[in-house]
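See structure below.
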Amino acid sequence: MLDVKGREMRVSKTKDKEGIMFKFGDKVLLRADSMELHTSKTCIQIDNVNVLALLKQGDEVRFGEDACVFGEVESSDSSQVTLMMKGGGTIKSNDVVKVPGLHYQCMPILRAGDHDHIADIAIKHNFDYIIVPYVQTA
Numbered sequence: 001m002l003d004v005k006g007r008e009m010r011v012s013k014t015k016d017k018e019g020i021m022f023k024f025g026d027k028v029l030l031r032a033d034s035m036e037l038h039t040s041k042t043c044i045q046i047d048n049v050n051v052l053a054l055l056k057q058g059d060e061v062r063f064g065e066d067a068c069v070f071g072e073v074e075s076s077d078s079s080q081v082t083l084m085m086k087g088g089g090t091i092k093s094n095d096v097v098k099v100p101g102l103h104y105q106c107m108p109i110l111r112a113g114d115h116d117h118i119a120d121i122a123i124k125h126n127f128d129y130i131i132v133p134y135v136q137t138a
């Protein structure tokens, strides 16, 4: 059995290995220009441009496995979202991004890395099952 990453969003790398500290009231842009650009105190880069157009005022965007660091959408358009941070903490390189209530149809079920894992591991070793998380319908 192979467990692939599936539908998920990630934050780009931060320059500081310890991550970036946000506190209640901080305003930050959420963009998807390039994962090569570092996430900073003023701009969080994510790896899915399609989700930006789906966010609307009042939506929550959560960061990290425990999702304790989060912001509320103040304004949005197809290229960027302005967040007001409501839950403080540190955002680290490659942290997961979650949007409660968002249906992830805008994202492919398998990521590029998943295809590689399936070809390199599952097919070569005749795996019977592949688990794909975040699938909401079959």
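As numbered in the working numbering, residues 1 to 138 make up the sequence shown, in order.
Built from N, CA and C at the ideal position, the CB exists for glycine as well.
Backbone secondary structure at residue i - three-state DSSP
i   : result
V28 : strand
L55 : coil
CB contact flag (residue i, residue j, <8 Å)
i    : j    : result
L52  : V28  : no
V151 : L55  : The structure shown has nothing for residue 151, since the chain only spans 1 to 138.
H38  : K17  : no
V69  : G88  : yes
M1   : D128 : yes
N-terminal and C-terminal residue of the alpha helix (DSSP H) that residue i is part of
i   : result
V99 : Where V99 is concerned, there is no enclosing alpha helix (DSSP H), given that its DSSP letter is neither H nor E.
Integer Cβ distance of residue i from residue j, believed to fall under 8 Å
i    : j    : result
G71  : K86  : 6 Å
V61  : L83  : 6 Å
I131 : A122 : About 11 Å separates the two Cβ atoms, so there is no contact after all.
Of the listed residues the options, nearest to residue i (C-alpha basis)
i   : options            : result
R10 : D26, S79, E36, L83 : E36
L30 : G58, S76, E8, S93  : S76
S93 : K23, Q45, M1, D26  : Q45
K15 : Q57, K23, G64, I91 : I91
S78 : D26, D33, G64      : D33
T42 : G58, Q57, M21, D59 : M21
G19 : D59, D120, G64     : G64
E8  : K124, D26, D47     : D47
N- and C-terminal bounds of the beta strand (DSSP E) containing residue i
i    : result
T90  : 89 to 91
V69  : 69 to 76
E18  : Unbroken run through E18: none, as it is neither H nor E.
I44  : 43 to 45
F127 : Note, F127: premise wrong, no beta strand (DSSP E); not H, not E.
E60  : 60 to 63
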